[in-house]
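Participant:
Numbering (the UniProt record's numbering), first residue to last: 1 to 491.
Take a look at the structure:
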């Protein structure tokens, strides 16, 4: 679809939402909004409109395709597209070993194929308007221009969000180019394989391939070798999850003193300089109270029927109309993994034992007042207890990944400043842990420091109980699906 047709299509969709927009304007204007005192009008409208698009009216194939629609490359950014060649099976097998080392029971998963990994080098382009097209240059020439404007010796390895089954590097070019501008660093944005057609651990295998490719450039690579201590893993939402579980996989392999064969060479496993995340998805089971408590501030709605107390944990697969992509055959209840894998440490970082974070590099976690708030703050608390230099920020009233959506707002600018400062400090080895949460009040009018031990009142025992109940509900639901599927297959 051309950009003109896409613009017309979006205009039609917005016209259908005029009643919603008017309702939001009126309630906000008469101070009767349910988010009064927490969100300004722009934020409230943004949340309402995005939430209205998050329906299950289309089959998953169409939804996935729409979410990956390429808006084109224009404005203040350089983009150089590359393909990282398929590595040996050793890269996949290294991930399989890490999974096995961290297993707690009889978890099951599909062993993925080895594949090349597509990615985009992304950087800031100065002196151009927002609609200026990228010049007609080769990918190597674009990369050379990008490097001229991204002179830092740091490299950011970026993983996009989208619940592991949506989105693409092309959808994240604007915020990623902005991060490059603020840090002076080139960003390698990874097109990892998406679920449900490529479930866990395909994305993690791709992430490790990209990481090793930075340190040990394969034949034909545009970049020079990047030392591990000059690499920042970064991501939003599911991409934040992928950043954290890649770090944990690397730490697991390093603890076992394992090397990896990569493009003909035996290479040691090295840790990055740090990990920077925004609204990371740390609990794939979605079990924490904030999933319900904060839903009015967020466009990510809580699962139907779920209560904040979570005494009864209902579960059902996402109700997309059936097509060739979903439901799977044999069926799963989760897009990303088998039900029994949901609490594996390389699926849900919140399931990682605190002692396994010992000796991790610095970590940055930014969250809003959103569905994922509890899991993010609990993970930060556990990291702090393990001695990790964790920098944690929370923005009052802000929805999921607010900084990525509203870059030019005061909260968006403050978010990017915090993330960029962390990236520079981590590579320079000067991250100073505070042991506290920086809480940024409504419209940035106040700032408070809250000890991480008190930032979230959900105890570790309650975390474990909630996640366990949700796991059991998923396993039972998946058993029912498999039983019905088997019975239909017999007919």
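Think of the CB as a built atom: it goes at the ideal place given N, C-alpha and C, for glycine as much as any other residue.
From a predicted model like this one, the values you see are computed outputs, not experimental measurements.
1. Give me the residue from 58, 487, 409, 101 with the minimum Cα distance to residue 331.
2. Hey, out of 100, 76, 272, whose CA is closest to residue 111's CA?
3. Does DSSP put residue 510 in a helix, a strand or coil?
4. With a threshold of 16 other CB atoms inside 10 Å of the CB of residue 57, please say whether the residue is buried or exposed.
5. Check residue 222 in the structure and name its three-state DSSP category.
6. Would you say residue 376 and residue 289 are within 8 Å of each other, going by their C-beta atoms?
7. Can you tell me where the beta strand (DSSP E) with residue 281 in it begins and where it stops?
8. Name, in chain order, the residues that DSSP records as bridge partners for residue 77.
9. My output table needs one value for residue 260: the three-state DSSP class, helix, strand or coil.
10. What residues in its chain sit with their C-beta under 6 Å from that of residue 70, if we drop five residues either side in the sequence?
11. Assign residue 1 to one of three DSSP states: helix, strand, or coil.
12. What are the complete beta strand (DSSP E) segments, minimum 3 residues, inside the stretch 98-173?
13. In angstroms with no decimal places, state the Cα-to-Cα distance between residue 86 and residue 18.
14. Do the stretch 272-279 and the stretch 230-241 meet, that is, are 3 or more Cβ pairs less than 8 Å apart?
15. Shortest alpha-carbon distance to residue 470 belongs to which of 223, 221, 284?
16. Are the stretch 104-121 and the stretch 188-199 touching by the rule of at least three beta carbon pairs closer than 8 Å?
17. Quick check: the Cα distance between residue 140 and residue 222, rounded to an integer number of angstroms?
18. Using the three-state DSSP reduction, which class does residue 436 fall into: helix, strand or coil?
19. At which residues does the alpha helix (DSSP H) containing residue 207 begin and terminate?
20. Check whether the stretch 40-60 touches the stretch 296-305, counting contact only when three or more Cβ pairs, one atom from each stretch, lie closer than 8 Å.
21. Alpha carbon to alpha carbon, what distance is there between residue 173 and residue 200?
22. Could you pull out every residue in the same chain whose Cβ sits closer than 6 Å to the Cβ of residue 315, ignoring the five residues on either side in sequence?
23. Between which two residues does the beta strand (DSSP E) containing residue 363 stretch?
24. Whole angstroms are fine: how far does the CA of residue 164 sit from the CA of residue 258?
25. How long is the line joining the alpha carbons of residue 102 and residue 21, rounded to whole angstroms?
26. Start and end of the beta strand (DSSP E) containing residue 266?
27. Would you grab the beta carbon distance between residue 364 and residue 422 for me? Rounded to a whole angstrom, and I think it's under 8 Å.
28. Roughly how many whole angstroms lie between the Cα atoms of residue 349 and residue 385?
29. Quickly, what does DSSP pair residue 451 with across the bridge? List them, please.
30. Just curious, the alpha helix (DSSP H) that residue 415 is in, first and last residue?
31. Do the CB positions of residue 242 and residue 272 come within less than 8 Å of each other?
32. Could you give the DSSP three-state label for residue 86: helix, strand or coil?
33. Hey, how far is the Cα of residue 129 from the Cα of residue 73?
Facilitator: In short, the structure shows the following:
1. As a first step, residue 331 must be located in the chain shown, where it is residue number 331. Considering only alpha carbons, the answer is 487.
2. To locate residue 111, count along the chain shown from 1; it is residue 111. Just measuring C-alpha positions, the residue of 100, 76, 272 sitting nearest residue 111 is 100.
3. Given that the chain is displayed from residue 1 to residue 491, the structure contains no residue 510 and the question cannot be resolved.
4. By one-based count along the chain shown, residue 57 stands at place 57. Exposed, since its Cβ has fewer than 16 Cβ neighbours within 10 Å.
5. As a position in the chain shown, residue 222 is number 222, starting the count at 1. Looking at residue 222 - three-state DSSP - the assignment turns out to be coil, as it is neither helix nor strand.
6. On the chain shown, residue 376 is found 376 positions in, with the first residue counted as 1. On the chain shown, residue 289 is found 289 positions in, with the first residue counted as 1. Not closer than 8 Å, so no.
7. Here residue 281 refers to the residue found at position 281 of the chain shown. First-last for residue 281: undefined, no H or E at that position.
8. On the chain shown, residue 77 is found 77 positions in, with the first residue counted as 1. Residue pairing of residue 77 in beta bridges, as defined by DSSP: 124.
9. By one-based count along the chain shown, residue 260 stands at place 260. Correct three-state label for residue 260: strand.
10. Start at 1 with the first residue of the chain shown, and residue 70 comes out as number 70. Hits under 6 Å: 170.
11. In the chain shown, the residue the question calls residue 1 occupies position 1. Residue confidence is low: residue 1 scores 43 on pLDDT, short of 50, so the model does not pin down where it sits. No coordinate-derived value is stated.
12. 117-124, 155-159
13. The sequence position of residue 86 within the chain shown is 86, counting from 1. The sequence position of residue 18 within the chain shown is 18, counting from 1. If I take the Cα positions, the gap works out to 48 Å.
14. yes
15. For the purposes of this step, residue 470 is identified with residue 470 of the chain shown, where counting begins at 1. Among 223, 221, 284, the Cα nearest to that of residue 470 belongs to 284.
16. Segments in contact, yes.
17. The residue given as residue 140 occupies position 140 in the chain shown. The residue given as residue 222 occupies position 222 in the chain shown. So the alpha carbons of these two residues sit roughly 6 Å apart.
18. Taking the first residue of the chain shown as position 1, residue 436 is located at position 436. Residue 436 carries a strand assignment under DSSP once its states are collapsed to helix, strand and coil.
19. On the chain shown, position 207 is the one that residue 207 refers to. Here the alpha helix (DSSP H) through residue 207 covers 202-215.
20. yes
21. Start at 1 with the first residue of the chain shown, and residue 200 comes out as number 200. Start at 1 with the first residue of the chain shown, and residue 173 comes out as number 173. Taking the straight line from one Cα to the other gives about 25 Å.
22. Stepping through the chain shown from its first residue, residue 315 is reached at position 315. Excluding residues within five positions, the ones whose Cβ falls inside 6 Å are 473, 474, 477.
23. Numbered from its first residue, the chain shown carries residue 363 at position 363. Looking at the DSSP string, the run of the beta strand (DSSP E) that includes residue 363 is 363-367.
24. Numbered from 1 along the chain shown, position 258 holds the residue referred to as residue 258. Numbered from 1 along the chain shown, position 164 holds the residue referred to as residue 164. Spanning the two alpha carbons is a distance of roughly 28 Å.
25. Position 102 of the chain shown, counted from the start, is the residue given in the question as residue 102. Position 21 of the chain shown, counted from the start, is the residue given in the question as residue 21. For residue 102 and residue 21, the distance between alpha carbons rounds to 48 Å.
26. Along the chain shown, one-based indexing puts residue 266 at 266. Residue 266 -> beta strand (DSSP E) spans 265-268.
27. By one-based count along the chain shown, residue 364 stands at place 364. By one-based count along the chain shown, residue 422 stands at place 422. Right, their Cβ atoms sit about 4 Å apart.
28. As a first step, residue 349 is located in the chain shown; it is residue number 349 there, counting from the start. As a first step, residue 385 is located in the chain shown; it is residue number 385 there, counting from the start. For residue 349 and residue 385, the distance between alpha carbons rounds to 15 Å.
29. Taking the chain shown and counting its residues from 1, the one referred to as residue 451 is at position 451. Its beta-bridge partners are 436.
30. Here residue 415 is taken as the residue at index 415 of the chain shown, counted from 1. Residue 415 -> alpha helix (DSSP H) spans 410-428.
31. Within the chain shown, residue 242 is the residue found at index 242, counting from 1. Within the chain shown, residue 272 is the residue found at index 272, counting from 1. For residue 242 and residue 272, no; Cβs fall outside 8 Å.
32. Along the chain shown, one-based indexing puts residue 86 at 86. Residue state, collapsed to three classes: coil.
33. Position 129 of the chain shown, counted from the first residue, corresponds to residue 129. Position 73 of the chain shown, counted from the first residue, corresponds to residue 73. Going by the C-alpha atoms only, they are around 12 Å apart.
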